[in-house]
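Position 502, counted from 1, in the sequence shown is what the working numbering calls 483; the numbers after and before it change by one each time, with no gaps.
Read the structure below first, then the notes.
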Amino acid sequence: MSRQSVFLLLLGVTLAAAGVASLVQADYLVFSANKYFPAAFASSIFALSFACFVLFAWRIKIHRALGSQYGFVLNSTKVPSREGMTYMGRGFVWTTDLTRRLMELSATGRIEAIKRKLRSAAHFGAGHYLHGLGMQSVGEESLFMDNRLLAQHTLIIGTTGSGKSRLMELLIIQAIERGEPVVVIDPKGDPDRRMQRRIVETALRTDRIRDVRILDLTQPSRSIRYNPLGHFVYSKQLVSRIVASMPKEGESASFRDFAYKVVNAVVNAMHALNMKITPAKVYEYSDNVAELVRRFLKARYARWIEDADRADIVRKLVPEYERLRDEGLIKGSADLEELHKIVKHPQEHYQKMITNLFPLFAKICTGPDRALFSNEDPDEEELAWDWVDRRRMIVYVYLGSNADTERASAIGRMTLLDLQSYLGVKYAYGDPRERTPMNVFVDELHAVLTEEYLSIINQARGAGFRVTMGSQSFADLEHVLRSRPAGKRVIANANVLVQLHVEEYEDGEVFAGRCGRRQVSIPHTSIGYEPAILKSGKHDVEDFRVTLNQGEAMKEVDLVPAWAVQELPVGHYFAKWGGVVYKGRFPVLPEPKVSDADLGRISRGRFQPRECDERACVGA
Ligand SMILES: Nc1ncnc2c1ncn2[C@@H]1O[C@H](COP(=O)(O)OP(=O)(O)O)[C@@H](O)[C@H]1O
Ligand SMILES: [Mg+2]
């Protein structure tokens, strides 16, 4: 409420009180000599007070019509629900008629006047009038989206601070309430760990706290353990996953090719030997390939090659292996030979390549991260997606990219690809009737996006999972994928597009393009001056004629102009789902009722109920 409105309200109340008082006190008033006076006096005061109330109501109505300046507050326990639907806030269908009105406002220069009025209240350029256009004509109602559309994947685009994470919060609450498996990948997080607190709050409320698991890169001791190389269909997937974690910039293509070769040989050999593939093991064997050759020979050819434990096995026994193979006494192994080629690489050059490419990978394979990502303790719980899916768990992955951007994005990318491998299998082989949809939320997608990830949303529509992604701009997606067509594919594959405020016109254009163009009749006025001499037969050159044309012209315009997207205030959006374009706004949810002390009860990735001490509850 603005200051003027509050003043009007207070004045109205004060006058009303004065009116009542004057009636009660009428006898004592000096002018009570005239018996009609007190009544007349009181009535005029009541009339004034009434006028204040009317003015107040009118101002509120105007402000409502212009769109709420303050968002609307909704208790997180009271998110409206409808069977099979997801609540998306309030709003209305954006029609061609609204585009026409918008064009009219723009053509007559009234937008600036409205914006001046609303300026003080808005964060982003006072664009509430966009919502107001619909409020005035059709009014707003609760918007619900059919859950089946979620399986066609949702993309939320908006600059930092436009409300992406808050909208995602609203969707996550509903996914948890539906009792489905939920995975939230949060690269950046909020300073106050709001998302985590919201998930814990909702899980406590819906009695699902036992399903919650937290993977927190910033607090390894509190986190559940997780092997980001745990799921794969082909071992090649692991190779690209590891290489995706390596620095992209600065390294020449030949360095990367070499890294690819090494990791490929190591991973294939480990896979062939049925070893558990963890980052730490891949790192160890990449650093010491000869050791893997030794193990390979021992595991596969021990019958022929004795003494396989000796350290000089590579130098001595590989020729032995080659002789046996050439004589047809043993079946050769391509995996082994690939490894051997790498061993033969000049040592010095090899070390240089490895140290250049592996520093990041080395970091997550050694030190405190080793236990977190390469668990070797069979008694420790480890995150596995099939388990998450089957047991309908709620997983929150906090990457803490502000603390260590490179590590966060390396793990983030690997995690996303790992999850993709699992979902790919589920999609290809799972029984559709048995699928409880798995809800995957990825905030700040650009921080964890890779080319390889694209295929997940590409292939798997309508399968048992729903991906909701948030990103700052289309340009960011293009930038990380380093290709415009690839960036376009992300967008093309998300059938639900929610567009929040963006800074750049080009970003607005992408959404505008998605909504298409319409014929709109737009009023126009044209004034022309011409020397009358040309038309009227007069000969005086000073004589001018003025022509004024007014009319309506049909013009083809964007249903949602790109500049309107730039005008959106915080918490407001344009969206397209199910082929319909909406203008909506979503509620501000109050702070989650989970304190820091409550979060302190998270240990080894689980929330320990208050009743039991930590030791008793771990693993319960
Ligand atoms: N629906 C809303 N109405 C009003 N303000 C909002 C709304 N959603 C978010 N905000 C404000 O905007 C801020 C940024 O929101 P956030 O979701 O963190 O943005 P993003 O994730 O896009 O960077 C929030 O802290 C909140 O104050
Ligand atoms: Mg955010």
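Where a beta carbon is used, it is the ideal one built from N, C-alpha and C, also for glycine.
Less than 8 Å between the beta carbons of Ile375 and Arg189, yes or no? yes
Is Pro418 near ligand 1, judged by its Cβ being under 7 Å from some heavy atom? no
Would you mind stating whether Ile166 and Val429 have Cβ atoms separated by less than 8 Å? yes
Would you check if the distance between the CB atom of His505 and the CB atom of Val461 is smaller than 8 Å? His505 is not a Cβ neighbour of Val461, given a cutoff of 8 Å.
With DSSP collapsed to three states, give me the class of Leu627. Past the edges of the chain, shown from -18 to 601, lies residue 627, and the structure says nothing about it.
Hey, could you find the ends of the beta strand (DSSP E) Asn56 is sitting in? Neither: Asn56 is in no beta strand (DSSP E) and is coded neither H nor E.
What are the boundary residues of the alpha helix (DSSP H) that includes Thr(-5)? -16 to 5
Closer than 8 Å is the cut-off here; do at least three beta carbon pairs connect the segment 172 to 190 with the segment 467 to 487? No contact exists between the segment 172 to 190 and the segment 467 to 487.
On the criterion of 16 or more Cβ atoms from any shown chain inside 10 Å, does Ile637 qualify as buried, or is it exposed? In the structure as shown, the chain starts at -18 and stops at 601, and residue 637 therefore has no counterpart that could be examined.
Any chance the segment 149 to 169 sits against the segment 79 to 93, with 3 or more Cβ pairs inside 8 Å? no
How many Å lie between Pro550 and Arg40 at the Cα? 21 Å
Below 6 Å CB to CB, which residues in the same chain sit around Lys477 once its five sequence neighbours on both sides are set aside? Looking at the sequence itself, residue 477 is Val, so the reference to Lys does not match. These residues qualify, in order along the chain: Leu130, Thr135, Trp558.
In three-state terms, what does DSSP make of Tyr17? coil
Per DSSP, what are the beta-bridge partners of Ser502 in this structure? Met535
What are the start and end residues of the alpha helix (DSSP H) that includes Val270? 270 to 282
Given 8 Å as the limit, is there contact between the segment 55 to 75 and the segment 109 to 118, that is, 3 or more CB pairs closer than that? Yes, since at least three Cβ pairs between the segment 55 to 75 and the segment 109 to 118 fall closer than 8 Å, the two stretches touch.
When DSSP labels each residue in this structure, what does Ile195 get in the three-state scheme? strand
What three-state label does DSSP hand Trp75 in the structure shown? coil
Using 10 angstroms around the beta-carbon of Thr336, count the other beta-carbons present and answer buried if the total reaches 16, otherwise exposed. exposed
To the nearest angstrom, report how far apart Tyr241 and Gln401 are at their CA atoms. 20 Å
Per the contact definition of three or more C-beta pairs closer than 8 Å, is the segment 198 to 218 in contact with the segment 383 to 403? yes
Do you know offhand how far His252's Cα is from Ser452's? Taking C-alpha positions only, His252 is separated from Ser452 by approximately 36 Å.
On a CA-only basis, which of Gln547, Ser507, Arg585, Arg304 is nearest Gln531? Give me that one, please. When each option's Cα is compared against that of Gln531, the closest is Ser507.
In the structure shown, what three-state DSSP assignment does His104 receive? Caution applies to His104, whose pLDDT of 46 falls short of 50 and renders its modelled position unreliable; the value that the coordinates give is listed next. His104 falls in the coil class under three-state DSSP.
Among Thr77, Ser30, Ser62, whose alpha-carbon lies nearest the alpha-carbon of Leu500? The sequence as given places Gln at residue 500; Leu does not occur at that position. For Gln500, the nearest C-alpha among the options comes from Thr77.
When the distance is taken between beta carbons, is Ser584 closer than 8 Å to Arg203? yes
Proximity test, Phe422 beta-carbon vs ligand 1 heavy atom, cut-off 7 Å: no
Strand pairing of Ser24, partner residues [DSSP]: Looking at the DSSP assignment, Ser24 forms no beta bridge with any residue, so it has no partner.
Rounded to whole angstroms, what's the CA-CA distance from Leu(-10) to Arg(-16)? Just pull it up for me. 10 Å
Using only the alpha-carbon positions, how far apart do Glu363 and Ser267 sit? 24 Å
Can you give me the Cβ contacts of Glu490 inside the same chain, cut-off strictly under 6 Å, excluding the 5 residues immediately before and after it? Taking Glu490 as the centre and dropping the five residues before and after it, the same chain places the C-beta of Ala543 closer than 6 Å to its C-beta, in chain order.
Simplified DSSP state of Ala597, which is helix, strand or coil: A caution first: Ala597 carries a pLDDT of 45, below 50, which makes its placement in the model unreliable, though a value can still be read off. Note: Ala597 maps to helix in three-state DSSP.
With burial defined as no fewer than 16 other Cβ atoms inside 10 Å of the residue's Cβ, what is the status of Ser24: buried or exposed? exposed
Report the three-state DSSP secondary structure of Ala545 (helix, strand or coil). helix
Tell me the DSSP secondary structure of Ser584 in three-state form. DSSP places Ser584 in the strand class (E or B) of the three-state scheme.
What does DSSP give as the partner residue(s) for Asp167 in the beta ladder? Tyr379
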